[in-house]
Amino acid sequence: MVFLNVEKSLTGRCWQGPGIDIERAAEAMAQQSEIAAPVCQVLARRGVPTHEAKGFLTPQLKDLLPDPRRMKDMETAAKRFLQAAERRERIAVFADYDVDGGSSAALLLVWLRQMGLGATLYVPDRIDEGYGPNDEAMSALAKNHDLIICVDCGTMSHGPIAAAAGADVVVLDHHLGAETLPDCVAVVNPNRQDEDGELGYFCAAGVVFLMLVEARRQLREGGHGTGPDLMAMLDLVALATVADVAPLIGANRALVRQGLKVMAARKRPGLVALADVSRMDSAPSTYSLGFMLGPRVNAGGRIGKADLGARLLSTEDAHEAASIAERLDQLNTERRDIENAVRAAAMEQAEERGLDAPLVWAAGEGWHPGVVGIVASRLKEAAGRPAVVIGLDGNEGKGSGRSVSGIDLGAAIQRLASDGLLIKGGGHKMAAGLSVARDQLEPAMARLAELLDKQGAGDLGPADLKLDGVLMPGAATVSMIEQIEQAGPFGAGAPAPRYAFPDMQVRFAKRVGESHLKLSLSDGISSGIDAICFGAFDTAMGQNLLDHGGARFHFAGRLEINSWGGRQTAQLRLEDAAPA
312 MVFLNVEKSL TGRCWQGPGI DIERAAEAMA QQSEIAAPVC QVLARRGVPT HEAKGFLTPQ
372 LKDLLPDPRR MKDMETAAKR FLQAAERRER IAVFADYDVD GGSSAALLLV WLRQMGLGAT
432 LYVPDRIDEG YGPNDEAMSA LAKNHDLIIC VDCGTMSHGP IAAAAGADVV VLDHHLGAET
492 LPDCVAVVNP NRQDEDGELG YFCAAGVVFL MLVEARRQLR EGGHGTGPDL MAMLDLVALA
552 TVADVAPLIG ANRALVRQGL KVMAARKRPG LVALADVSRM DSAPSTYSLG FMLGPRVNAG
612 GRIGKADLGA RLLSTEDAHE AASIAERLDQ LNTERRDIEN AVRAAAMEQA EERGLDAPLV
672 WAAGEGWHPG VVGIVASRLK EAAGRPAVVI GLDGNEGKGS GRSVSGIDLG AAIQRLASDG
732 LLIKGGGHKM AAGLSVARDQ LEPAMARLAE LLDKQGAGDL GPADLKLDGV LMPGAATVSM
792 IEQIEQAGPF GAGAPAPRYA FPDMQVRFAK RVGESHLKLS LSDGISSGID AICFGAFDTA
852 MGQNLLDHGG ARFHFAGRLE INSWGGRQTA QLRLEDAAPA
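Heads up: the sequence shown runs through residues 312 to 891, numbered per this note's numbering.
Here it is as structure tokens:
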């Protein structure tokens, strides 16, 4: 139902409130349980029945973690991995250059180190080598290694894996697979075409963790103990799951929840150094993983040395960790500057083509391949449509795409590659990468737009803003937010509850940082509430709020705890507003 009569907000969205059935279910749950009413609202919205509510609030990994053997090739992969460890064979880990790849590699490197073994880490350069295994690197690794483990990549690398003559190859991945798989020892991937897809929500680090769980079982069954403590490695799994925007459902929810607890103990030198350089002054949360730690780990693969992230996450040396974290922080600052320049040019180009097309895209000479994915995300957010951004260099362009809910971009790009319109391409539903010949750019993008239009991308408008209820500023307390967080962790596939604050005035608004907006909001009764709206300064909503002229607005967003100077206060992360 339309909420607060907002049919078109300052961002063009219709506000939708919870239906009467949700409200009744929340009231019944609050009456029948000892759970706080705000938490019951969240659980009812998620469809959690009353008898499962307490279990949902305290998810146990042992109850939610699937049997690793549900994935094809898992038993074979773990057996070959343990065989290499037992025989002290030469092992190489070939990892993708993002957080998921770095975390996946670190899981294996840490496990092997604790077993008294070393391994070679290989992370391809984004610009010189591109995504995934390549013939030259795999051939070179095969000459002096017995086993190559590809993590967060490899499912589509038929040629490069064939080039690894003389070495066994195991793939631990989560990207969409083709009808045929590479010829190797094992391809463990919940998104293989012959899998049922029920475990497709795992990121690569989750797949690697499950492989280590299976290895632990095989060790125990063989009378060789249990190996390293896997629970202590969940901080790496949590970081990868959140940063790779994997949905926080099923086992992922328990993995992240437990991983945050492990991270809070500050035992991993790399994550401690990264938290310190990020000026993270509160307990780790999904926000800090996704927006503070993740981007810095990614910065090495985007514009720096590709293996910095994996080295940071796997090191035991506090001095090395501090040095790498400092370098990643510098690279992240440089990445933001490059991103801002590319984003301005890409947005101008996309607006000229039209932001209402099934596909929003832009391509530019010399655009850095390390930022095109981030810029694609910005275009997607601005248009509410799938977006692709491509950097051109010579006769080729390398790009990245981001999609919206309900539109499978990875499958469409994979279809384009199989049709010969791309040099290569692949990914998953919400994100994909591609390489395209310059003379095929226009026809490839036109065909991609057609494929996405068939999925309904051309009919998309600004997504309705779903709200969980109405709050007055006086009710938004730190205590209430802490209660709500019991239903977390929140993130992709499990959004934090969003509330409307009706009929408020802007006491003051100012620009902070490059493009953010800091506000103080008042209802004229309580002390009001502070709000932060990221990236809003140059938007229509931001200008309306800056030039409010005393007008009253309804505000909508998510609540968070702001820690500053040893004091905690409730803060609204503002997402939308509408004239009252």
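Here a beta-carbon is modelled for each residue, glycine too, at the ideal position from N, C-alpha and C. Bear in mind that the values here come from a model prediction, so they are computed numbers and not experimental data.
Does the separation of the CB atoms of residue i and residue j fall below 8 Å?
i      : j      : result
ALA698 : ALA687 : yes
ALA364 : LEU372 : no
LYS568 : PRO377 : What sits at residue 568 in the sequence shown is Arg, not Lys. It is not a contact, given that the beta carbons lie outside the stated cut-off.
VAL434 : ALA621 : yes
LEU623 : LEU600 : no
ILE614 : HIS535 : no
ALA668 : ALA760 : yes
ASP775 : CYS325 : yes
LEU419 : ALA403 : no
ALA881 : ALA787 : yes
ALA889 : PHE864 : yes
VAL700 : ALA657 : yes
ARG809 : GLY868 : yes
VAL480 : CYS495 : yes
GLN294 : GLY708 : What is shown of the chain runs 312 to 891, which leaves residue 294 out entirely.
PHE866 : ALA851 : no
ASP407 : CYS464 : yes
Once DSSP output is grouped into helix, strand and coil, what is the label at residue i?
i      : result
GLN766 : coil
TYR598 : helix
GLU866 : The sequence as given places Phe at residue 866; Glu does not occur at that position. The answer is strand: DSSP assigns PHE866 an E or B state.
GLU447 : helix
ILE701 : strand
LYS709 : strand
VAL715 : coil
ASP494 : coil
GLN371 : coil
PRO349 : helix
PHE812 : strand
ALA668 : coil
ALA807 : coil
LEU582 : helix
GLY465 : coil
THR431 : strand
PRO360 : coil
ALA406 : strand
Who does residue i pair with in a DSSP beta bridge?
i      : result
HIS827 : VAL823
ARG884 : ILE843 and ARG869
ASP479 : LEU458
PRO754 : Partner(s): none; PRO754 has no beta bridge.
LYS572 : Note: LYS572 sits in no beta bridge, so no partner.
ARG503 : Per DSSP, none; premise fails for ARG503.
ARG424 : Its beta-bridge partners do not exist; DSSP assigns none.
GLU676 : LEU703
LEU776 : TRP326
VAL789 : For VAL789, which the question treats as bridged, DSSP gives no partner whatsoever.
Compare the Cα-Cα distances from residue i to each of the options and report the closest residue.
i      : options                           : result
PRO444 : HIS456, ILE460 and LYS454         : ILE460
GLY677 : GLN660, GLY799, LEU666 and ASP704 : ASP704
ASP436 : THR850, GLY612 and ALA803         : GLY612
ASP887 : ILE872, ASN873, GLY876 and GLN854 : GLN854
GLY684 : LEU423, GLU707, LEU666 and ARG646 : ARG646
GLY767 : PHE801, ILE718, LEU732 and LYS383 : ILE718
GLN425 : PRO784, ALA798, ASP779 and LEU523 : LEU523
MET804 : ALA516, GLY517 and ARG564         : The displayed chain sequence assigns Gly, not Met, to residue 804. Residue ARG564 is the option with its Cα nearest to GLY804.
ALA594 : ILE331, GLU793 and SER831         : GLU793
LYS383 : HIS485, ASN643 and ASP770         : HIS485
GLY731 : PRO754, GLY712 and SER344         : PRO754
ASP858 : SER415, GLN660, ALA820 and GLU345 : ALA820
VAL682 : GLY710, LYS691, GLU692 and PRO360 : GLY710
SER874 : SER596, SER450, SER415 and LEU771 : SER596
If you drop the 5 nearest sequence neighbours on each side, which residues of the same chain put their C-beta closer than 6 Å to that of residue i?
i      : result
VAL583 : ARG577
GLY570 : LEU545, ASP546, VAL548 and ALA549
ARG401 : HIS456 and ASP457
HIS827 : PHE845
HIS469 : PRO493
PRO784 : ASP834, SER837, GLY839 and ILE840
ARG654 : VAL686 and ARG689
VAL410 : ALA551, ALA554, GLY605, VAL608 and ASN609
SER320 : ASP887 and ALA889
In its own chain, which residues sit with a C-beta less than 8 Å from the C-beta of residue i, not counting the 5 before and 5 after it?
i      : result
ASN706 : ALA748, ARG749 and ASP750
ARG380 : GLU386 and GLU525
GLU627 : ARG424 and PRO580
LEU428 : ALA396, ARG399 and ILE402
Ordered along the chain, which non-local residues of its own chain (more than five positions away) have a Cβ less than 7 Å from that of residue i?
i      : result
PRO349 : MET791, GLN794 and ILE795
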